[in-house]
Structures are given as structure tokens and as C-alpha cells.
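Data first, discussion second: the structure below is written as C-alpha cells.
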Amino acid sequence: MKHQRLWALLAFGLAQAAHFAQAADALNGKSLYLNGPTSGGTTCAACHSASPANNVSNILAAANNPSVISAAFAANKGGMGALYNGKFSSAEIADLAAFIGNPNVTAAPAASVAPASLSFGGATVGQDSGALATTLSNTGSAALNIGSIALGGSHGGDFRLSGGSCAPGSALAAGATCTVQLLFHPSASGARSAALTINHNATGGSSSVALSGTGNAVPQATLSLSASALDFGALLINAPSQRTLTLTNSGQAALTFSAIAVSGAQAGYFTLGGTCATGTPLAAGANCTVVVQAFPTSAGGFAASLNLASNASNANVAVAI
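Using this note's numbering, the final residue of the sequence shown is 1679, and nothing's skipped along the way.
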């Protein structure tokens, strides 16, 4: 009987450990410790005092060690099994252990921005580009207070805020997001760069987004691609498979393709389709597709290159296949 019980406890502990691998939430553990299970019942503080730091009844043995808590429940140590078995999930037990290990934990915001850089491509001097946006996220546990939202850097005057839901003086709740939208308005030709800075009360005090673009003296087309490479993975011999690439004219003049072709050792494996075509202009802001079909005829790796030649500012673009 003793051996059966030991094996049962071991199996229980191993099952719990599989769940405890996830990141624990010490703040939730604090709430559970002070308020008891969400379904109601005695609080941990009733027996172990208001703070685990007091180490009443050696509670610090469970600091960041949820298996100690689950074992105490399973063994009904101090009557805890009768009070708590079935009332805490494995994740909540992990949270309790995290709080016991960090009894001074407090709620705090955490800020992140994505993407952390925005490239506007080419825009005619004195004219607006298309708008791009970045998202500010509060991944912390307290409100993120937004201070100023400002542009700076070498060519800060060539970029401007054009909308979005983030606002200076506002608060972003834990788990919430907002956006900042910007335009590129080059004042001179050539490469232009700046930085968007969002000040807040999270660690570091601010988040930054790098901005870049190219000023064109005259309107130019700019070719943007939905992917820089096409990966077909593993295919069966003589079984066709296809991938679609979307091409966008992100510039301010019509784009005309002079060549859309595949080159390389296995170029014969590929055929092209889609709506992009040589001699057919692609208006500013418009897009078209190139459908690449692979038909391997022998075993082994294969590679090629999709070559796009046009009148765009980035005239010759190669996409690895």
C-alpha cells in the first residue's frame, strides 16, 4: 500500500510538472494567495500570514517550486488537501509558487512595438507616400501611460503622423494595443531616415521605430514583393505544385515590366502564370501576381531564380526559388 501511494504521488508530481513548464504569473499567484481559490474557500494567508516572506510554516520551501505545493496537497499536509484539492489548476499552483518566490511583485506595464522599422520606399519630393503603421502593445499587467509621440532624427521633418489610435496622455490597458500611422513626405532627393519615439511609463521610458524612405526628384515606380524567396519544400517527382508572389507598385509612377523569367540550373522545372505581364503597365498603388509552378522530374534538391526587370527605382529584382 505504501509503495502504491508513493507511485501515485510520483505520477501526480510528474503530471503537474508537465504543466508547470509554462511561464507562471506571480501577480495572479498573489491574488490567489490573498483571496483564496476562485471558486471560494480559505485563503493561503489565513495559515501562512499575509506575506510568504514571513516564512510561516516553512512556506518558502515552495518558492518557484510548484511540485512542493502539489505534493503537500496530495499528502493533505496541515489539512491543505482537504481545503484545496481540486480547487487550484496546475497553472494556478505554478502561479502560487511564483508569488511565494517573489512576494514583493507589483503590477507593471510592458511596452513593445511591431514592426520596429518602417520602410516607405520611394516617394516624389514634395509629395506624400502611402501610409504605414506600427502597433504599440502593452504586454504587462498594469496600465501603460502614453506620453509624447514625436518624430526626430536626421530627417524627422520628412515624416509625419497621419492617424492611428495611440494618443498622447492616454492609457493603454494591460493586454491592449493601439496604432500610430505615418506618411513619408521627402523634402529632398536621396535616402531619408528618422525615428518615431513613443514615451511611456514602462521600463526604458520609451519605444522607438526606425523610419526610412527615398526621395525621388521625379515620380518613379517602386517594386515591392510579398516575399523575398519561394520555398516549395519537399515535392513528389512529376507532381506539380505552385506558389503565388504578389507584386505591388509602391511608387508614384506607372511600372512596366521588361522581363519576367526564371533562370538557373533547374529553370526547366518551372512555368509562370498570373496577372503580371511584360508591356502591361502597373499603376501606382496597384498590384499583380506571378504564379510559379514547379514540376520536378528527378529526385534531389532544385533551385532557380525568378528575375523581374522593370522601370522601377529598384529595376532588377531576383527572387530565390
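Think of the CB as a built atom: it goes at the ideal place given N, C-alpha and C, for glycine as much as any other residue.
Handout entry: Contact check, Ala-1501 vs Ala-1466, beta carbons under 7 Å
Key = no
Exercise for the section: Compare the C-alpha of Ala-1644 against each of Leu-1554, Pro-1410, Leu-1605, Gly-1632 and name the closest. Expected result: Leu-1605
Problem - Span separating the alpha-carbon of Ile-1556 from that of Gly-1498 - result: 16 Å
Problem - Bridge partners - Val-1471, DSSP secondary structure assignment - result: Leu-1494
Practice task
Look at the Cβ atom of Gln-1578, then the Cβ atom of Gly-1480, and state whether they are nearer than 7 Å.
Solution key: yes
Handout entry: DSSP-derived helix/strand/coil call for Ile-1507
Key = strand
Handout entry: Boundaries of the alpha helix (DSSP H) in which Cys-1405 is found, first to last residue
Key = 1403–1406
Exercise for the section: Compute the distance between the beta-carbons of Val-1620 and Leu-1583, then report whether it is under 7 Å. Expected result: no
Exercise for the section: Sort Ala-1676, Ala-1662, Leu-1603 by Cα distance to Ser-1668 and report the nearest one. Expected result: Ala-1676
Practice task
Quick one: using the 10 Å Cβ neighbour count with 16 as the cut-off for buried, is Val-1576 buried or exposed?
Solution key: exposed
Exercise for the section: Kindly indicate the opening and closing residues of the beta strand (DSSP E) around Ile-1618. Expected result: 1615–1621
Exercise for the section: Spatial neighbours of Ser-1553 within its chain, please: CB distance less than 8 Å, with the 5 preceding and 5 following residues excluded, ordered by chain position. Expected result: For clarity, residue 1553 is Ala in the given sequence; the question names Ser instead. Around Ala-1553: Leu-1509, Gly-1510, Gly-1511, Gly-1514, Ser-1566, Val-1567, Ala-1568, Leu-1569.
Exercise for the section: In the DSSP assignment, find the beta strand (DSSP E) that holds Ala-1440 and state where it starts and stops. Expected result: Premise fails: Ala-1440 lies in the alpha helix (DSSP H), 1438–1442, not in any beta strand (DSSP E).
Handout entry: 7 Å Cβ cutoff met for Ala-1529 and Ala-1469
Key = no
Exercise for the section: Return yes when at least one heavy atom of the ligand MN lies under 6 Å from the C-beta of Thr-1493, else no. Expected result: The model on display carries no ligand, and the ligand MN is accordingly not part of it.
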